[in-house]
Amino acid sequence: NVFNIKVASSDNLSGVEAIRLYAVTPANNCAISGWLPSGITNQYYKEFLSSAVDYNFTAVCEGLYTFTLWVKDKAGNIAYEPHGPVTIGIDLPVPLPLPAVAPTAPSNLQLTISNQTVNLVWQDNANNEDGFKLYRNDQLLIVLPTNTVGYQDKSVEIGKLYTYRLYAFKGDLNSEAISGSITVTALPVGDYRYADCLRYPLACDKVYRIEPDSQIPTGACFDYQPFGSLFALIEKIHQGADLNFKGINDYGKPVYAIGNGLIWDFGWVSGWGNYLIMRIQSYPDNPFMLTDGTKVQEIYALYAHLAEIKIIKPDGQVIDKSSLVKKTTYLQLGWQLGTVGDADGLYSPHLHFEIRTNGYSQLGNGYWPVNDSAYLNYFVDPLEFVDNNKTLDDKTPMKIVIHGYDRQSTRQVFLDFDSSLWQRQGRIYEGFPLASVGWSNHLWLTSSANSTEASWNYSVPDDGAYSLYLILPRYYGQAKGVSYRIWHSNPQIANPSVIKLDQTNADQNRKVYLGTYDLYQGWRYSVDLQSQTADSPPVNVALDTLILEYEGDFGTGGGPIIPPDPLPDPVLIQTINTTGILTFRFAGTYTKPELHCYGAGLSWENIILQNGVMQNNVTVSYADTVYCNALLENGRWLAEKDGILPNQHLFVNDQEIIGTADNNLGGRNIVFNLLIKNTGDDNNPPEDDFPDDFSGTINVNVSGDVSGLGGCQINNSSAGQPARMANFLFLLLPAIILCLVKNLFWQRSG
Numbered sequence: 001n002v003f004n005i006k007v008a009s010s011d012n013l014s015g016v017e018a019i020r021l022y023a024v025t026p027a028n029n030c031a032i033s034g035w036l037p038s039g040i041t042n043q044y045y046k047e048f049l050s051s052a053v054d055y056n057f058t059a060v061c062e063g064l065y066t067f068t069l070w071v072k073d074k075a076g077n078i079a080y081e082p083h084g085p086v087t088i089g090i091d092l093p094v095p096l097p098l099p100a101v102a103p104t105a106p107s108n109l110q111l112t113i114s115n116q117t118v119n120l121v122w123q124d125n126a127n128n129e130d131g132f133k134l135y136r137n138d139q140l141l142i143v144l145p146t147n148t149v150g151y152q153d154k155s156v157e158i159g160k161l162y163t164y165r166l167y168a169f170k171g172d173l174n175s176e177a178i179s180g181s182i183t184v185t186a187l188p189v190g191d192y193r194y195a196d197c198l199r200y201p202l203a204c205d206k207v208y209r210i211e212p213d214s215q216i217p218t219g220a221c222f223d224y225q226p227f228g229s230l231f232a233l234i235e236k237i238h239q240g241a242d243l244n245f246k247g248i249n250d251y252g253k254p255v256y257a258i259g260n261g262l263i264w265d266f267g268w269v270s271g272w273g274n275y276l277i278m279r280i281q282s283y284p285d286n287p288f289m290l291t292d293g294t295k296v297q298e299i300y301a302l303y304a305h306l307a308e309i310k311i312i313k314p315d316g317q318v319i320d321k322s323s324l325v326k327k328t329t330y331l332q333l334g335w336q337l338g339t340v341g342d343a344d345g346l347y348s349p350h351l352h353f354e355i356r357t358n359g360y361s362q363l364g365n366g367y368w369p370v371n372d373s374a375y376l377n378y379f380v381d382p383l384e385f386v387d388n389n390k391t392l393d394d395k396t397p398m399k400i401v402i403h404g405y406d407r408q409s410t411r412q413v414f415l416d417f418d419s420s421l422w423q424r425q426g427r428i429y430e431g432f433p434l435a436s437v438g439w440s441n442h443l444w445l446t447s448s449a450n451s452t453e454a455s456w457n458y459s460v461p462d463d464g465a466y467s468l469y470l471i472l473p474r475y476y477g478q479a480k481g482v483s484y485r486i487w488h489s490n491p492q493i494a495n496p497s498v499i500k501l502d503q504t505n506a507d508q509n510r511k512v513y514l515g516t517y518d519l520y521q522g523w524r525y526s527v528d529l530q531s532q533t534a535d536s537p538p539v540n541v542a543l544d545t546l547i548l549e550y551e552g553d554f555g556t557g558g559g560p561i562i563p564p565d566p567l568p569d570p571v572l573i574q575t576i577n578t579t580g581i582l583t584f585r586f587a588g589t590y591t592k593p594e595l596h597c598y599g600a601g602l603s604w605e606n607i608i609l610q611n612g613v614m615q616n617n618v619t620v621s622y623a624d625t626v627y628c629n630a631l632l633e634n635g636r637w638l639a640e641k642d643g644i645l646p647n648q649h650l651f652v653n654d655q656e657i658i659g660t661a662d663n664n665l666g667g668r669n670i671v672f673n674l675l676i677k678n679t680g681d682d683n684n685p686p687e688d689d690f691p692d693d694f695s696g697t698i699n700v701n702v703s704g705d706v707s708g709l710g711g712c713q714i715n716n717s718s719a720g721q722p723a724r725m726a727n728f729l730f731l732l733l734p735a736i737i738l739c740l741v742k743n744l745f746w747q748r749s750g
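Per UniProt numbering, the very first residue in the sequence shown carries number 1; after that it's consecutive.
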């Protein structure tokens, strides 16, 4: 690509001053180093201040080069080569390819076995490989992509020897091989690290829970003291289940591992007797499901009051207690781990059985203060848990069980239990807190003459159709025509299904079907019970546990299939500062607003503005988020689906309130934050109940449990909202409200 150009010129008159060579290159990207562009496409020139040129030209690309000679004499005259341009074709030499180099060999091959799988790991030392070739017993097993550093060989047989060779390759070149051999052996004894199914801890396929004693066969398992009960201690709930066989002496009966797991702790403690705690983990892709729909991968199971700790395999082999190592020894599903005892004579023989979550692995004491709901973070009903996890390869939820209820008025709800399951006098505990109870921990309302309301509030873990069942206790349930409202449909419809049931149970606990409904994950739903009936004289109204059973996809249920609306953007909440007095004032074209508010001690049942009164003062008792709405004389609400009505205004302490929150029932409520300023004294300076900068945003899907008109499906409440406030976001569409409100607690006339 280099050639020599020679030019000689002469001028007989004045002599030659300069010579130019013009060259047209074959392409746009072939600029010639040291040459100047001429202004013509792909043409460059170089000028020589001489009458002769001897120049070595280097071609930068292949193709045709066209050269033109230009000569200027000292008088300024220019002449071009008389014989025209000269064209030269250039063929550049093809560079010789670099010799191929095999990639650097991998190193540090390690072979291990787990669950009949050979795990191979190695170090990749090359940066130019196309991949890896893995041979097993001289047969190509697999070609792996570049940068691979491990492989799991699952197609192996127990008892066989496998030799692996591994190469890095590039094209047809292989690196040096690394190799290793391993014999696949059976799982080590006791290496049962993950549970793939569960069973009951006693030798029974069913545990009786709601049946009275007369309906439990002799020798059958039953739950003597259910989870969450207040049977033994009036101020503390039971954290587990006390399991027995009916009609026989339980002492010495075998106790079994409910699943594959690790012995976490064991020993003897006064009051407990012998105990053993297992840590049980699921496979990562098959988690356990709690009966509230939560999925977890680890639980701890407590077996207590054991007569002895004794591991016996199904083939009769005994593992001596002295061989057990805490946090090291594994047990397999169904291995006997001990026998039923009586805590050295402290109790009648039974198995105390608990399931714990969220890392609660300590022994504990079997009971938890009833006024501390934190126990719900760590303990679940053990029998419900086993029922929901007998097979872990089925991803669909089996059952959701709702024990807890919300009391929706100040009237009393009482607790009692079935004396046939606990041979002690029942205890009526007034002022019973809102705790998780159920399964013969019978609750009952004071009287069918009172409009006491209670509701079970819940959500579901997956979209689909769910059948609802109610456990009706065999006694205290005496009312006829008790009303159950089932909120299940789209918020813009907000019409519940209403079912009336007679609670006369002929001395047996009943599981009553309430219907099958399509429910959405992430929504909040409720079933409400109203105690007021037409019974004369009034009788007791009972409530207990609600059970949801998953049936399948949408369409197998009874409710309409309407997708949930998207969440709107957050809105600003204003903050009102007060020393305890709020002045509410309405201004607009309406003359008789009926204003209701909830929060800070205010109740929906109280009317702040009515009968033409446009301004009124009320006393508030604590800092809170306050929700308000006003029913106007034409049946509309001050705040509706699209916000506050035009030209209508609500002022609080002379500040117009403009923020609204979606009540998820087709309407909105007016909302503001309230701060209470303490006046203080010389010894106690004033303090804010909330910081001065307490303000911010609230997602307009403000929600919670439901009150007054009953429950409904609503989204999860915002973090930090007081639970006492969330129970009353209930404002329905005007037509529904006007129909229902006359029959409920407002008792409007006319």
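Ideal placement from N, C-alpha and C gives every residue a C-beta, glycine not left out.
Just to confirm, are residue i and residue j a CB contact at a threshold of 7 Å?
i    : j    : result
I258 : L324 : no
A304 : Y275 : yes
N42  : T68  : no
A195 : I280 : yes
I5   : F48  : no
I32  : Y44  : yes
E384 : S467 : no
V652 : L595 : no
W122 : P106 : yes
A600 : Y622 : yes
L519 : L470 : no
Please state whether DSSP places residue i in a helix, a strand or coil.
i           : result
F266        : strand
Q336        : strand
Q215        : helix
E384        : helix
A241        : strand
Y375        : helix
K511        : strand
K321        : helix
N577        : strand
C30         : coil
N193        : Rather than Asn, the amino acid found at residue 193 in this sequence is Arg. In this structure, R193 counts as coil in the three-state DSSP scheme.
residue 751 : Within the shown structure, residues of the chain are numbered from 1 to 750, placing residue 751 beyond reach of any answer.
In whole angstroms, what separates the C-alpha of residue i from that of residue j?
i    : j    : result
L202 : H350 : 10 Å
N77  : N1   : 34 Å
S100 : L144 : The question names Ser, but residue 100 is Ala in the sequence shown. A100 and L144: Cα-Cα distance of roughly 21 Å.
G341 : F554 : 48 Å
G39  : G171 : 48 Å
W456 : I486 : 10 Å
Y251 : Q532 : 48 Å
N12  : I90  : 36 Å
K46  : D130 : 49 Å
A465 : R524 : 15 Å
R636 : G588 : 14 Å
Tell me which same chain residues have a C-beta within less than 7 Å of the C-beta of residue i, skipping the five on either side of it?
i    : result
I182 : L111, I113, V118, Y162
K313 : W335
G267 : Y275
A79  : V71
Between which residues of its own chain and residue i is the CB-CB distance below 8 Å, once the five residues before and five after are set aside?
i    : result
F379 : F227, Q239, G240, E354, I355, R356, T357, Y360, W368
K592 : Q610, N611, G612, L632, E633
I309 : F266, N274, L276, K321, L324, L337, G338
Q503 : L472, G477, Q478, A479, K480, V482, V541, A542
Pick from the options: whose alpha carbon is nearest that of residue i?
i    : options                : result
A168 : Q332, A102, V512       : A102
G159 : G252, L173, Q116, D138 : Q116
K390 : K206, D250, Y300       : K206
K295 : Y151, V460, F245       : V460
Q362 : D265, D292, L290       : D265
N365 : P37, I237, N260, A307  : I237
L602 : A105, T619, F132       : T619
V541 : L529, L243, E549, I547 : L529
K154 : C597, Q297, R136       : R136
Quick one: is the Cβ of residue i within less than 6 Å of any heavy atom of the ligand NAD?
i    : result
Q532 : No copy of the ligand NAD occurs in the structure displayed, which carries no ligand at all.
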